[in-house]
């Protein structure tokens with residue numbers, strides 16, 4: 018699916034880009050890769066969709082994966098930081114689940130190697146779903162008799178109703194949450210009318226400014242690395258940018274907050290740029306409201322570039338062209354709750 | 018759609034019932050009636066489905082109608098009482114939204130005449146969605162540009178983006194949330210194999226015990242009255258039943274809590290008995306866990322009848338036959354949130 022920009026034809030503009038920098042423009046694949054030990058199947062995806070939308074995985078029975086990763090909107094929760102059980106606030110902006118299947122690591126700090134690993138995290142996080150431990154979460158699911166046949170359909174007979182299979186099913190479902198055929202994708206595939214003049218200016222500026230040194234690849238989140246190899250970058254780099262203080266961008270220590278390693282302070286997994294029009298507000302702390310301002314912040318804090326308002330708008334308009342087609346989904350039907358399973 | 022029990026044929030059992038009591042067994046219609054000023058249209062239903070599932074109607078952007086009326090499960094939230102914004106607890110068990118279109122009034126105390134009226138209530142309830150007032154809720158929706166075309170499609174051009182139309186759209190969607198073709202419905206329509214022997218015993222017991230004096234009609238929630246005419250009954254009637262204290266059934270004053278009228282103390286709208294297997298726990302306070310126990314409570318507190326465990330189980334098994342077919346639904350696609358619309 019990799020396709021150099023020049024392949025689509027060689028207008029003056031495209032040739033300039035080709036000679037000025039090595040940016041490779043890739044369209045989004047329509048199918049996400051799956052690990053060898055968890056091939057995507059219809060039965061797993063259906064079970065995963067059920068579990069993803071089931072609030073009974075949480076202490077109060079009110080918070081599901083979909084609460085903060087709302088697939089009916091942009092796969093996030095349109096809040097600066099999320100609200101978990103008992104109304105408590107989380108510390109970071111919910112990343113979108115759409116196209117997360119293409120990342121080589123998960124969470125803002127890349128601490129989970131795979132979607133399967135990631136799926137187990139929020140369940141026991143006290144500011145997210147708040148279950149005491151994973152066995153307690155699975156006890157909830159086992160107490161709902163209607164789940165057993167779905168686990169058997171997905172994983173065969175025997176003792177299959179366990180957390181690893183639940184995580185596999187959720188991950189299999191998430192691998193279907195991809196958004197191909199954005200205007201950008203159509204442009205890269207050869208439809209030169211898919212982007213307007215302002216978006217083309219923004220695309221050129223994206224390459225010239227150096228955004229693509231980190232935001233590369235099909236989802237603009239870095240090179241295609243093996244699962245478990247996070248593509249990390251320091252943020253903010255230019256600590257003297259006034260925007261760092263304005264948006265409080267240096268308070269969170271990033272990866273060091275979970276690893277405790279001083280050398281990993283302010284390291285972050287590079288996030289995707291797809292569907293940004295659906296995932297405001299921006300940054301790990303959700304402090305930046307508009308896409309044009311987010312572009313200005315990144316140029317200033319990472320590349321020491323002060324963009325003009327016009328440049329920031331052009332760039333934002335290009336990024337808007339990365340909003341793709343969301344899959345149409347049927348609602349899952351969740352099995353009923355026995356009355357003695359109180360939440 | 019009204020069909021007397023005897024129409025299906027006259028076995029010994031059926032004739033006994035017919036002579037002993039006047040219970041009329043009705044199947045659930047497959048289409049819900051709509052008021053003259055809000056005919057159900059495809060465009061209204063689609064908009065209503067979006068609004069019903071949109072958490073941005075709530076103060077924190079985390080609670081939608083679907084949070085407590087989860088249509089992926091039984092149209093309720095499988096909790097004794099609901100959790101609203103900031104994690105606060107509501108006072109009563111969330112009633113199912115499924116088949117609510119057939120009720121002549123809404124809320125546990127019947128204080129809303131129509132689905133349209135009901136839809137406006139939770140938005141500003143501080144323990145539910147918690148918006149300051151209805152104009153603030155509509156300001157949220159107006160700030161999301163993607164909603165305007167859907168309102169226009171549903172209600173025509175002009176100033177149509179208002180709370181009355183939002184409520185009409187939600188009500189139109191709710192009128193599609195009906196669950197026909199339960200085993201009971203198939204039995205009433207003539208399929209004598211649809212109920213087993215235990216369910217038939219329970220059905221007879223239902224009639225003989227007098228449950229149907231209140232739980233009559235297609236959804237077992239009372240006679241077909243005009244919209245705005247709540248079918249109210251006193252609960253508990255037998256204040257000396259030990260089950261009243263055991264389940265704290267008399268603390269909530271019912272309709273008097275909202276009207277302030279002493280003569281309306283402990284008056285409640287008779288709830289539907291359909292899909293009870295999906296809506297545990299039971300009663301207005303969600304204090305009763307199992308369906309058989311709920312049957313025992315009702316017989317004791319309303320009819321001064323002490324059912325044997327076998328009778329309660331037979332009756333519960335009949336009620337299980339009222340679980341119908343839930344409509345398959347596609348997920349709505351919610352328009353994106355502008356970054357400056359902070360929640």
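Chains as they are written, first to last, in the working numbering: chain A, 18 to 360; chain B, 18 to 360. Here a beta-carbon is modelled for each residue, glycine too, at the ideal position from N, C-alpha and C.
With DSSP as the reference, label residue 134 (chain A) as helix, strand or coil. Residue 134 (chain A): helix per DSSP, three-state reduction.
Going by CA-CA distance only, name the one from A:280, A:79, A:261, A:223 that's closest to residue 332 (chain A). The residue with the shortest Cα to Cα distance from residue 332 (chain A) is A:223.
Cα separation between residue 235 (chain B) and residue 148 (chain B)? Rounded to the nearest angstrom, the two C-alpha atoms are 35 Å apart.
Check this for me: beta carbons of residue 288 (chain A) and residue 112 (chain A), under 8 Å apart or not? Yes, the pair counts as a contact, with Cβ atoms nearer than the cut-off.
With the cut-off set at 8 Å, would you say residue 201 (chain A) and residue 68 (chain A) are in Cβ contact? Not closer than 8 Å, so no.
Alpha-carbon to alpha-carbon, residue 138 (chain B) and residue 37 (chain B): Caution is warranted here: a pLDDT of 38 is assigned to residue 37 (chain B), below 50, making its placement in the model unreliable, and the coordinate value is therefore given only provisionally. Cα to Cα, the separation comes out at about 43 Å.
Per DSSP, what kind of secondary structure is residue 181 (chain A) in: helix, strand or coil? Reduced to three states, the DSSP call for residue 181 (chain A) is helix.
So is residue 301 (chain A) in contact with chain B if we call contact Cβ pairs under 8 Å? Closer than 8 Å: no.
Residue 195 (chain B) and residue 49 (chain B): beta carbons closer than 8 Å? Cβ distance < 8 Å, so residue 195 (chain B) and residue 49 (chain B) count as in contact.
Just curious, the alpha helix (DSSP H) that residue 61 (chain A) is in, first and last residue? Here the alpha helix (DSSP H) through residue 61 (chain A) covers 59 to 69.
Start-end ranges of the beta strand (DSSP E) lying completely within the stretch 219 to 271 of chain B, minimum 3 residues: Here the runs fully enclosed are 249 to 251.
Return the residues of the stretch 63 to 74 of chain B that lie within a Cβ-Cβ distance of less than 9 Å from chain A, sorted by chain order. Correct list: 67, 70, 71, 72, 73.
What first and last residue would you give for the alpha helix (DSSP H) that runs through residue 151 (chain A)? 151 to 159 is the span of the alpha helix (DSSP H), which, as asked, contains residue 151 (chain A).
Check the Cβ-Cβ distances between residue 250 (chain B) and every residue of chain A, and say whether any is below 8 Å. No - not a single Cβ of chain A is within 8 Å of the one on residue 250 (chain B).
Contacting positions in the stretch 334 to 358 of chain A - beta carbon closer than 7 Å to chain B: Against chain B - using a Cβ distance shorter than 7 Å - the residues of the stretch 334 to 358 of chain A are 343, 345, 346, 347, 348, 349, 350, 351, 353, 354, 355, 356, 357.
Tell me, please, whether the CB atom of residue 295 (chain A) is closer than 8 Å to any CB atom in chain B? Taking CB atoms only, residue 295 (chain A) has a neighbour in chain B less than 8 Å away.
Could you tell me whether the Cβ atoms of residue 302 (chain B) and residue 341 (chain B) are closer together than 8 Å? Taking 8 Å as the Cβ cut-off, residue 302 (chain B) and residue 341 (chain B) do not qualify as a contacting pair.
Mapping the DSSP letters down to three states, classify residue 331 (chain A) as helix, strand or coil. For residue 331 (chain A), the three-state secondary structure derived from DSSP is helix.
Helix, strand or coil: how does DSSP classify residue 43 (chain A) here? Here residue 43 (chain A) sits in strand by DSSP.
Taking only the alpha-carbon atoms, compute the straight-line gap between residue 87 (chain A) and residue 94 (chain A) and give it to the nearest angstrom. Cα to Cα, the separation comes out at about 6 Å.
May I ask you to list, following chain order, the residues of the stretch 76 to 89 of chain B that have a beta carbon less than 8 Å from some beta carbon of chain A? Flagged, chain order: 77, 78, 79, 84, 87, 88, 89.
Check whether chain B comes within 8 Å of residue 360 (chain A), counting only Cβ atoms and requiring the distance to be less than that. Answer yes: the Cβ-Cβ gap between residue 360 (chain A) and chain B drops below 8 Å somewhere.
Are the stretch 240 to 253 of chain B and the stretch 128 to 142 of chain B touching, with three or more C-beta to C-beta distances below 8 Å? At 8 Å Cβ cutoff, the stretches touch.
DSSP bridge partner residues for residue 286 (chain A) (one or two, in chain order): DSSP, once it has assigned bridges, lists A:249 as partnering residue 286 (chain A).
Identified DSSP bridge partners for residue 363 (chain B): Absent from the structure is residue 363 (chain B), since the part of chain B shown begins at 18 and ends at 360.
Taking 8 Å as the CB-CB cut-off, is residue 308 (chain B) touching chain A? Chain A has a Cβ within less than 8 Å of the Cβ of residue 308 (chain B).
Could you give the residue range of the alpha helix (DSSP H) that holds residue 119 (chain A)? It is not in any alpha helix (DSSP H) - residue 119 (chain A) carries neither H nor E in the DSSP assignment.
Go ahead and pull the three-state DSSP assignment for residue 345 (chain B). In the structure shown, residue 345 (chain B) falls within a coil segment according to DSSP collapsed to helix, strand and coil.
In whole angstroms, what separates the C-alpha of residue 266 (chain B) from that of residue 349 (chain B)? So the two alpha carbons sit approximately 39 Å from each other.
On a Cα-Cα basis, can you pick out the residue from B:358, B:354, B:360, B:359 that is closest to residue 91 (chain A)? A check of alpha carbon separations from residue 91 (chain A) across B:358, B:354, B:360, B:359 identifies B:354 as the nearest.
Going by the DSSP bridge assignment, what does residue 5 (chain B) pair with across the sheet? Limits of chain B in this structure are 18 at one end and 360 at the other, which puts residue 5 (chain B) out of reach.
Pop quiz: residue 280 (chain B) and residue 270 (chain B) are said to be a contact at Cβ under 8 Å. What is the actual Cβ separation, rounded to whole angstroms? Separation of the CB atoms of residue 280 (chain B) and residue 270 (chain B) is rounded to 11 Å, and the pair is thereby denied contact status at 8 Å.
For residue 180 (chain B) versus residue 155 (chain B), is the C-beta spacing smaller than 8 Å? Cβ distance < 8 Å, so residue 180 (chain B) and residue 155 (chain B) count as in contact.
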